[in-house]
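In my numbering, each number is its position in the sequence shown, counted from 1, plus 21. Right, one structure below, let's go through it.
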Amino acid sequence: MKAPENKRNQRIYLTGFMGSGKSTIGPILANTLGYDFVDIDKAIERQTGKTVKEIFKEHGEEYFRTLERALIQGLVSRDHMVISLGGGTIVDPVNFPVIRESGILVYLKTAPDQLYKRLHHKSDRPILVDIAGDRLSEEALRLRIKELYAHRVQFYEQADIIISTDEHRVGITVDRIVKLLSGLID
């Protein structure tokens with residue numbers, strides 16, 4: 022479903038690997054712009070009453086991706102939105118064209134080593150644990166991040182705006198995004 026060109030600029034999608042800052046930057050960016058904010062993962066958790074980790078464990082990734090697709094399709098018709106995507110959302114062959122055609126895609130670029138620093142103490146996401154649900158070793162987590170990042174980066178880098186979050190404070194990053202969006206949104 023393609024949004025009319027003049028409507029594309031009313032939805033801003035934030036993409037990037039888990040830990041890149043989408044859920045932190047998103048609500049601040051939305052508030053700054055006077056837009057509404059939706060975090061896809063949090064919306065799915067509210068809808069199902071389960072965490073993303075529980076959904077993956079009980080129903081599998083494909084079920085989660087089905088929920089994600091339906092939610093994104095529903096958001097395409099809403100205006101003045103900042104939408105925080107899950108780290109793997111744009112890899113989905115159904116989601117990617119819908120996102121590209123219906124909004125402005127902003128990639129919060131974060132180096133794999135920085136992602137490791139931000140994620141190594143967490144175990145609340147499916148990719149951070151092994152099949153038994155135990156936290157991955159340092160080496161295994163670094164490898165998992167590196168492999169997933171290598172697979173996803175080709176999609177991330179097709180964004181309309183690419184901005185590094187490696188060593189920047191949230192406020193500075195939001196200001197930089199707003200400046201880059203200034204000629205693109207209503």
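Ideal placement from N, C-alpha and C gives every residue a C-beta, glycine not left out. All of these numbers come straight from a predicted model, not from anything done at the bench.
Assign residue 199 to one of two classes, buried (16 or more other C-beta atoms within 10 Å of its C-beta) or exposed (fewer than that).
Of the residues assessed, residue 199 falls on the exposed side of the cut-off, its CB having fewer than 16 other CB atoms within 10 angstroms.
Residues in its own chain within less than 6 angstroms of residue 182 by CB, not counting five upstream and five downstream?
127 and 201
Based on DSSP bridge pairs, tell me the residues matched to residue 198.
According to DSSP, which records beta bridges pairwise, residue 198 is partnered with nothing at all.
Buried or exposed, going by whether 16 or more other CB atoms sit within 10 Å of the CB of residue 193?
Label assigned to residue 193: exposed.
Alpha-carbon to alpha-carbon, residue 92 and residue 107
12 angstroms
Hey, quick one: how far does the alpha helix (DSSP H) through residue 62 stretch, first residue to last?
Run containing residue 62: 61 to 69, per the alpha helix (DSSP H) assignment.
What is the C-beta distance between residue 157 and residue 150, in whole angstroms, given that I count them as a contact (C-beta under 8 angstroms)?
6 angstroms
Between which two residues does the alpha helix (DSSP H) carrying residue 44 extend?
Unbroken alpha helix (DSSP H) run through residue 44: 43 to 54.
Where residue 123 sits in the DSSP three-state scheme
helix
Buried or exposed by the 16-neighbour rule on C-beta atoms within 10 Å, applied to residue 26
Reliability fails at residue 26, whose pLDDT of 46 lies under 50, so the model's placement of it is uncertain and no value is given.
Closest Cβ-Cβ distance between residue 66 and chain D: below 8 angstroms?
This model lacks chain D altogether; it includes just one protein chain.
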